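Our numbering runs 55 ahead of the 1-based position in the sequence shown. For glycine and all other residues, C-beta sits at the position ideal for the given N, C-alpha and C. Since we're looking at a predicted model, the values are computed, not measured. Here is the structure we will look at, set down as structure tokens.
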Amino acid sequence: MFLSIRLTFLLTFPLLFACKAPKPVAQHTALVPYGPAFAALWQQRSAEYKALCFQAYNIARLRLNEDLESSFPKPMAIVTDIDETILDNSPYNVHVALKGENYSDKTWQEWTSKAAADTVPGALSFLKYAAEKGVHVYYITNRSEAERGVTLQNLQRWNFPDADNEHLILKTTTSSKEERRLHVAQTHEIILLMGDNLGDFSAIFEKQPADKREAATKQSAAEFGSRFIVLPNPMYGDWLPALFQYNYKQNIDSILQTQLRNY
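Listed below in structure tokens is the structure:
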């Protein structure tokens with residue numbers, strides 16, 4: 056789910072007039088949003104974000120239709136993440152970013168308690184289509200057990216299929232989803248995995264530095280768009296701590312200096 060670190064560096068805009076001296080990068084004005092808020096702006100307002108989501112779910116429908124032509128020894132199931140895969144939490148990211156804060160369990164649970172997250176474009180219609188075809192939907196999320204009730208309330212608000220205790224599998228002892236996927240696989244044929252983070256698909260991506268995540272992604276290239284359906288999320292994810300090898304003591308300046316490519 057959410058990481059305790061956020062991109063809190065500021066994005067600067069080009070100077071309007073060359074004769075004016077530039078303001079210090081660290082100076083905050085109403086026209087200089089925090090990085091996460093700028094990422095959320097893209098998610099909330101760009102047509103490209105919606106197009107990518109529709110593309111992902113269109114491909115998912117094609118793959119589902121192919122699988123419906125096959126026979127399996129067990130009932131078919133789709134395993135999906137929740138946050139930024141079928142529910143859009145960008146208002147939370149905007150809320151904490153514009154206050155100059157990072158993610159915290161307290162503020163996150165204040166948000167989820169509202170059960171107010173909107174749907175990710177294309178998610179609801181696809182999962183309803185899958186359910187109509189007799190495919191079970193399992194929601195594997197790293198939300199906590201304390202959030203079970205409000206999570207179900209949010210899913211049921213939009214009439215997501217299989218939005219019940221049996222099909223909602225929350226985080227217990229570990230953020231890894233591998234054991235929970237294997238549990239579903241004992242009784243069902245998992246035909247599709249959907250998520251915004253590579254850890255939603257396989258354990259080979261978990262807790263790996265950036266170069267190994269990239270290598271594992273290349274190794275699994277044939278799975279993307281086939282069995283793995285990836286949704287865009289510019290706001291947060293394991294990609295960020297992978298850049299600094301999960302050493303949370305590093306500051307954002309050192310990360311930018313070592314990881315950004317320039318010419």
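Could you tell me if residue i is buried or exposed, where buried requires 16 or more neighbouring beta carbons within 10 angstroms of its beta carbon?
{"i": "threonine 167", "result": "buried"}
{"i": "proline 91", "result": "buried"}
{"i": "glutamine 300", "result": "exposed"}
{"i": "proline 327", "result": "The first residue shown for the chain is 56 and the last is 318, placing residue 327 beyond what the model contains."}
{"i": "arginine 236", "result": "buried"}
{"i": "tyrosine 303", "result": "exposed"}
{"i": "glycine 155", "result": "exposed"}
{"i": "asparagine 144", "result": "buried"}
{"i": "asparagine 306", "result": "exposed"}
{"i": "arginine 100", "result": "exposed"}
{"i": "threonine 135", "result": "buried"}
{"i": "glutamate 139", "result": "buried"}
{"i": "alanine 178", "result": "buried"}
{"i": "aspartate 160", "result": "exposed"}
{"i": "glutamine 211", "result": "exposed"}
{"i": "alanine 81", "result": "Residue placement at alanine 81 cannot be trusted, given a pLDDT of 42 that sits under 50; what the coordinates show is reported in the next sentence. Burial call: exposed."}
Could you give the DSSP three-state label for residue i: helix, strand or coil?
{"i": "aspartate 138", "result": "strand"}
{"i": "threonine 162", "result": "helix"}
{"i": "valine 285", "result": "strand"}
{"i": "valine 190", "result": "coil"}
{"i": "glycine 250", "result": "strand"}
{"i": "threonine 174", "result": "strand"}
{"i": "phenylalanine 215", "result": "coil"}
{"i": "leucine 223", "result": "strand"}
{"i": "phenylalanine 256", "result": "coil"}
{"i": "phenylalanine 109", "result": "helix"}
{"i": "aspartate 293", "result": "coil"}
Please report the Cβ distance between residue i and residue j, rounded to the nearest whole angstrom; I am assuming they are in contact, meaning their Cβ atoms lie under 8 Å.
{"i": "leucine 286", "j": "alanine 111", "result": "5 Å"}
{"i": "valine 175", "j": "isoleucine 133", "result": "Valine 175 to isoleucine 133, Cβ: 14 Å. No contact."}
{"i": "alanine 172", "j": "leucine 142", "result": "4 Å"}
{"i": "alanine 186", "j": "valine 192", "result": "6 Å"}
{"i": "alanine 258", "j": "glutamate 233", "result": "4 Å"}
{"i": "threonine 196", "j": "isoleucine 137", "result": "4 Å"}
{"i": "leucine 253", "j": "threonine 272", "result": "7 Å"}
If we ignore side chains and look at the alpha-carbon of each, how far apart do residue i and residue j end up?
{"i": "aspartate 251", "j": "valine 149", "result": "18 Å"}
{"i": "glutamate 396", "j": "leucine 207", "result": "One cannot answer for residue 396 here, as it falls past the ends of the chain, which runs 56 to 318."}
{"i": "phenylalanine 128", "j": "valine 239", "result": "Going by the sequence as given, residue 128 is proline instead of phenylalanine. Near 14 Å, if we compare the C-alpha coordinates of valine 239 and proline 128."}
{"i": "asparagine 317", "j": "serine 230", "result": "34 Å"}
{"i": "arginine 203", "j": "leucine 225", "result": "8 Å"}
{"i": "methionine 131", "j": "lysine 267", "result": "32 Å"}
{"i": "alanine 95", "j": "tyrosine 291", "result": "10 Å"}
{"i": "threonine 313", "j": "leucine 119", "result": "42 Å"}
{"i": "glutamate 49", "j": "phenylalanine 260", "result": "Residue 49 is absent from the structure shown; the chain starts at 56 and stops at 318."}
{"i": "aspartate 255", "j": "phenylalanine 93", "result": "25 Å"}
{"i": "histidine 243", "j": "lysine 188", "result": "15 Å"}
{"i": "phenylalanine 109", "j": "proline 146", "result": "21 Å"}
{"i": "serine 309", "j": "alanine 265", "result": "16 Å"}
{"i": "glutamate 165", "j": "valine 205", "result": "11 Å"}
{"i": "threonine 84", "j": "serine 199", "result": "At threonine 84 the pLDDT is 44, less than 50, meaning the model places this residue with poor confidence and gives no usable figure here."}
{"i": "phenylalanine 215", "j": "methionine 249", "result": "15 Å"}
Does the beta carbon of residue i fall short of 7 Å from some heavy atom of the ligand ZN?
{"i": "alanine 185", "result": "The ligand ZN is absent from the structure shown, which contains no ligands of any kind."}
Exercise. Is there contact here, the region 213-220 with the region 102-110, by at least three beta-carbon pairs under 8 Å?
Worked result: no
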